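So the structure is just underneath, and the comments pick up after that.
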Amino acid sequence: MNIKAVSSNVGKALLVNALFMMLSILVSISDGLDEAFAPLVTSFLITSILGAFPLVFVKHSKENSVKDGYITIVIAWLMSFVVGMLPYVLYGGEFTIVNAWFESVSGYTTTGSTILTDIESLPRSLLFWRSSTHFIGGLGVVVFLLLIIPDASSFKLRLSIIEVSSLSQYGYRYRRTNVPRIMLSVYVGLTVMETLLLMLAGMSFFDAVNHSFSTMATGGFSTKNASIMHFDSPVIDVIIIVFMILASMHFGVIYAMFIKKSLAPVKNSVTVYYLGVISVLSICVTIVLMSQGDYGSFGKALLDSVFQVVSFISTTGFGNADNAMWPMLANTFLLIAAFHCGCSGSTTGGVKADRMLIIFKEIGNDFKRRLHPSSVFRTKVDGHTLDDDQISAVSLFFVAYIFVFFIALMGVLISGVEISDAFSGTLASLGNVGPGLGGLGTMGNYASQPVFAKIIYTTVMFLGRIEIFPALAILHLVSNSRKKAAGS
1 MNIKAVSSNV
11 GKALLVNALF
21 MMLSILVSIS
31 DGLDEAFAPL
41 VTSFLITSIL
51 GAFPLVFVKH
61 SKENSVKDGY
71 ITIVIAWLMS
81 FVVGMLPYVL
91 YGGEFTIVNA
101 WFESVSGYTT
111 TGSTILTDIE
121 SLPRSLLFWR
131 SSTHFIGGLG
141 VVVFLLLIIP
151 DASSFKLRLS
161 IIEVSSLSQY
171 GYRYRRTNVP
181 RIMLSVYVGL
191 TVMETLLLML
201 AGMSFFDAVN
211 HSFSTMATGG
221 FSTKNASIMH
231 FDSPVIDVII
241 IVFMILASMH
251 FGVIYAMFIK
261 KSLAPVKNSV
271 TVYYLGVISV
281 LSICVTIVLM
291 SQGDYGSFGK
301 ALLDSVFQVV
311 SFISTTGFGN
321 ADNAMWPMLA
331 NTFLLIAAFH
341 CGCSGSTTGG
351 VKADRMLIIF
361 KEIGNDFKRR
371 LHPSSVFRTK
381 VDGHTLDDDQ
391 ISAVSLFFVA
401 YIFVFFIALM
411 GVLISGVEIS
421 DAFSGTLASL
431 GNVGPGLGGL
441 GTMGNYASQP
451 VFAKIIYTTV
461 MFLGRIEIFP
471 ALAILHLVSN
481 SRKKAAGS
């Protein structure tokens, strides 16, 4: 491992965190130096020193490998989790060490689960930091790092190949070095647009910024205990639905749509499939609510159904209704949405619509091959024929995802969590969705979960956010290093 290169790049990632801590300090100052001022200033100084140290005292190295890229990704995320929990730990209250770790990991991975039972009691500056972890994590710690690294750097190309999923390249062939800038322009542009619209709909500037950070990161942290239900506004519900969908779509599609001033890019097969899944699930939930729920108004049932389906499938996790009060069948459809998740090239976690579409297409082709053994059927996405390696990669990810889910589920059950909470909590954590069922639902929290369960939840949050393979690559590298050491 090239320690010089890794430490230098991780240091840059930490300085990104320090920047947002400074913004949180400014919020505290504007509120007359609230209770979070000292914790934020201390955290800012520690993070700045940790970030600047390798840049000042470690000699820069141009020799970087793919292995260094994987290590940089994992360490940058883990160090962000550590510095991100500092303001919580120093503030105290409900933030024990484990709870602060949970809130930090949940924020950066844009999962949106919380251990807080009274969100509105926190100072605004700490709430802003909480939302900022979403904003940083939504675009990705490493994508921010890619924006800092010079274009001419060979390491930037290696890192972008690892961090930006190949699935996000289909149909939108931008140069890899341009991808971070495209993602940033869409990310920031939509955040500004949503903020303005939410303010016009009646939100305060502070609430609008925080909820826009959470929406575009598909995170779900709110400044209110009752989440979006607090505002009791159909207009706000609709605005957030639209931006949750946009945030969960391929950013290349959105960029192309604005550049070409046309809706043609939206007509690609992945987006059409994804919007179709949202429509079908929303209709199913609406029917269940009208037939088994307490909804007397079709319009209200439809709005709540669409909001919750989009919230779960986009992995945002906002709530405009308490799903713990819904029929089990309606919640089953929400769990399907939580497993499915949004599109590659967006801020969502989970399996991703791209992989699900490829899996369904490959299953269909397999049936055709069995019926017509002498014929050749190839899996295609928008006219692009997938080779066997690409299909195998999708299948391997799917198997790894299911394997991690069941291992984590067993661990949560062993810790003493009831099976429905364990199942939905594990699924929601691995998919970076946030809310589950019952006490872990849209109006619930993870405060009462056992310590061991919280550790498992945060572990799978991380694995879900980095899409498992970088972590497996690090384990493989460590295993090989030990074998070589033992052999020598």
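Residue 1 is where the sequence shown starts when you use the numbering used here, and the numbers rise one by one after that. Every residue gets a Cβ at the ideal spot worked out from N, C-alpha and C, and that includes glycine. It should be emphasised that the depicted structure is a prediction, and the values quoted were computed from it without experimental measurement.
| field | Contacting residues, own chain, Cβ-Cβ under 7 Å from F312 (five flanking each side not counted) | value | Here residue 312 refers to the residue found at position 312 when the sequence shown is read from its first residue. Closer than 7 Å at the Cβ level, and outside the excluded window around F312, lie L334, A337, A338 and V433.
| request: Please name the residue or residues paired with T385 in a DSSP beta bridge. | output: As a first step, residue 385 must be located in the sequence shown, where it is residue number 385. Per DSSP, the beta-bridge partners of T385 are K380.
| request: State the CB to CB distance for the pair G441 and A256, rounded to an integer number of angstroms; the pair is presumed to be in contact (CB under 8 Å). | output: As a first step, residue 441 must be located in the sequence shown, where it is residue number 441. As a first step, residue 256 must be located in the sequence shown, where it is residue number 256. Incorrect: roughly 37 Å between the Cβ atoms, too far for contact.
| request: Can you tell me which of K454, I391, V381 and V394 puts its alpha carbon nearest to the alpha carbon of L409? | output: In the sequence shown, residue 409 corresponds to position 409, counting from 1. Comparing alpha carbon positions, the residue from K454, I391, V381 and V394 closest to L409 is K454.
| Are the beta-carbon atoms of V186 and I254 separated by less than 8 Å? | Sequence index remark: in the sequence shown, residue 186 carries index 186 (1-based). Sequence index remark: in the sequence shown, residue 254 carries index 254 (1-based). It is a contact, given that the beta carbons lie within the stated cut-off.
| message | With the cut-off set at 8 Å, would you say H134 and A217 are in Cβ contact? | response | In the sequence shown, residue 134 corresponds to position 134, counting from 1. In the sequence shown, residue 217 corresponds to position 217, counting from 1. Contact: yes.
| task | Could you say which of E35, A247, G107 and P234 lies nearest to T191 if we only look at CA atoms? | result | Along the sequence shown, read from residue 1 onward, the residue named residue 191 stands at position 191. If you compare the alpha carbons of E35, A247, G107 and P234 with that of T191, the shortest gap goes to A247.
| Inter-residue spacing [alpha-carbon to alpha-carbon] between L281 and V235 | Sequence index remark: in the sequence shown, residue 281 carries index 281 (1-based). Sequence index remark: in the sequence shown, residue 235 carries index 235 (1-based). Between L281 and V235, the C-alpha separation is close to 22 Å.
| Cα-Cα separation, V394 to R355 | Your numbering for residue 394 matches position 394 in the sequence shown. Your numbering for residue 355 matches position 355 in the sequence shown. Using only the alpha carbons, I get a separation of about 6 Å.
| Going by the C-beta, is I136 closer than 7 Å to any heavy atom of the ligand PLP? | The ligand content of the structure shown is nil, which means the ligand PLP is not present either.
| query | Rounded to the nearest angstrom, how far is the Cβ of D31 from that of P123, given a contact under 8 Å? | reply | As a first step, residue 31 must be located in the sequence shown, where it is residue number 31. As a first step, residue 123 must be located in the sequence shown, where it is residue number 123. D31 to P123, Cβ: 7 Å. Contact.
| Does DSSP put F102 in a helix, in a strand, or in coil? | As a first step, residue 102 is located in the sequence shown; it is residue number 102 there, counting from the start. Correct three-state label for F102: helix.
| query | If you draw a straight line from the alpha carbon of N365 to that of R378, how long is it in whole angstroms? | reply | Residue 365 sits at position 365 when you count from the first residue of the sequence shown. Residue 378 sits at position 378 when you count from the first residue of the sequence shown. Each residue's Cα considered, the two are about 7 Å apart.
| message | Only counting the same chain, and skipping five residues up and downstream in sequence, which positions put a Cβ closer than 6 Å to that of L15? | response | As a first step, residue 15 must be located in the sequence shown, where it is residue number 15. If we look at L15 and ignore the five residues flanking it on each side, its Cβ neighbours are G51.
| said: Within 10 Å of its beta-carbon, does H384 have 16 or more other beta-carbons around it, so buried, or fewer, so exposed? | reply: For the purposes of this step, residue 384 is taken as residue 384 along the sequence shown, with counting starting at 1. Here H384 is exposed, its C-beta having fewer than 16 other C-beta atoms within 10 Å.
| task | With distances taken Cα to Cα, identify the nearest neighbour of V288 among A301, F243, I278 and G276. | result | One-based indexing of the sequence shown puts residue 288 at position 288. Out of A301, F243, I278 and G276, A301 has the C-alpha closest to the C-alpha of V288.
| said: Going by beta-carbon coordinates alone, are G317 and G92 separated by less than 8 Å? | reply: For this step, residue 317 is matched to residue 317 along the sequence shown. For this step, residue 92 is matched to residue 92 along the sequence shown. Taking 8 Å as the cut-off, the beta carbon of G317 is found no closer than this to the beta carbon of G92.
| query | Quick one, which of A400, K380 and F462 has its alpha-carbon nearest V270's? | reply | Within the sequence shown, the letter at position 270 stands for residue 270. Of A400, K380 and F462, the residue nearest in Cα terms is K380.
| CB contact flag (M347, T110, <8 Å) | Residue 347 sits at position 347 when you count from the first residue of the sequence shown. Residue 110 sits at position 110 when you count from the first residue of the sequence shown. It should be noted that the sequence gives Thr, not Met, for residue 347. In contact: T347 and T110 (Cβ atoms closer than 8 Å).
| field | Nearest-angstrom Cβ-Cβ length linking V412 and L463, presumed shorter than 8 Å | value | Along the sequence shown, read from residue 1 onward, the residue named residue 412 stands at position 412. Along the sequence shown, read from residue 1 onward, the residue named residue 463 stands at position 463. Between L463 and V412 the Cβ distance is about 14 Å, and since that is not below 8 Å, they are no contact.
| Closest by C-alpha distance to E94, when choosing among D304, I359, I73 and T117 | Locating residue 94 in the sequence shown gives position 94, counting from the first residue. Residue T117 is the option with its Cα nearest to E94.
| DSSP state of Y446, grouped into three classes? | Walking along the sequence shown from the start, residue 446 turns up at place 446. The answer is coil: DSSP assigns Y446 none of H, G, I, E or B.
| task | Select from I97, L357 and E103 the residue whose C-alpha is nearest the C-alpha of N268. | result | If you number the sequence shown from 1, residue 268 lands on position 268. The residue with the shortest Cα to Cα distance from N268 is L357.
| request: Check G296 in the structure and name its three-state DSSP category. | output: Your numbering for residue 296 matches position 296 in the sequence shown. DSSP places G296 in coil when its eight states are reduced to three.
| field | N432, DSSP secondary structure in three states | value | Here residue 432 refers to the residue found at position 432 of the sequence shown. Three-state DSSP puts N432 in coil, outside helix and strand.
| For I136, does the three-state DSSP call read helix, strand or coil? | On the sequence shown, residue 136 is found 136 positions in, with the first residue counted as 1. Of the three classes helix, strand and coil, the one that applies to I136 here is helix, per DSSP.
| Smallest Cα separation from I391: which of E362, D421, S212 and I419? | Position 391 of the sequence shown, counting from 1, holds the residue named residue 391. Of the candidates E362, D421, S212 and I419, the one whose C-alpha sits nearest the C-alpha of I391 is E362.
| query | Leaving out the 5 sequence neighbours to the left and right, which residues in its chain are closer than 6 Å to S227 when beta-carbon positions are compared? | reply | Mapped onto the sequence shown, residue 227 falls at position 227. These residues qualify, in order along the chain: F318 and G319.
| task | Quick one: give me the first and last residue of the alpha helix (DSSP H) that D232 is part of. | result | Looking up residue 232 in the sequence shown gives position 232. Taken as a continuous stretch (DSSP letters only), D232 belongs to no alpha helix (DSSP H), as it is neither H nor E.
| request: May I ask which residues mark the beginning and end of the alpha helix (DSSP H) holding L335? | output: As a working note, residue 335 is residue 335 in the sequence shown. Here the alpha helix (DSSP H) through L335 covers M328 to H340.
| task | Check the C-beta distance from L303 over to D237 and give it rounded, since I have them as a contact under 8 Å. | result | Here residue 303 refers to the residue found at position 303 when the sequence shown is read from its first residue. Here residue 237 refers to the residue found at position 237 when the sequence shown is read from its first residue. Their Cβ separation, rounded to whole angstroms, is 6 Å, which keeps L303 and D237 in contact under 8 Å.
| said: Taking 8 Å as the threshold (C-beta atoms), are S214 and G220 in contact? | reply: Numbered from 1 along the sequence shown, position 220 holds the residue referred to as residue 220. Numbered from 1 along the sequence shown, position 214 holds the residue referred to as residue 214. Yes, the Cβ-Cβ distance between G220 and S214 is below 8 Å.
| request: Specify, as a first and last residue, the run of the alpha helix (DSSP H) that G464 falls within. | output: Position 464 of the sequence shown, counting from 1, holds the residue named residue 464. Its alpha helix (DSSP H) spans residues V451 to R465.
| request: Quick one: grab the DSSP three-state call for V351. | output: Position 351 of the sequence shown holds residue 351. Coil, per DSSP.
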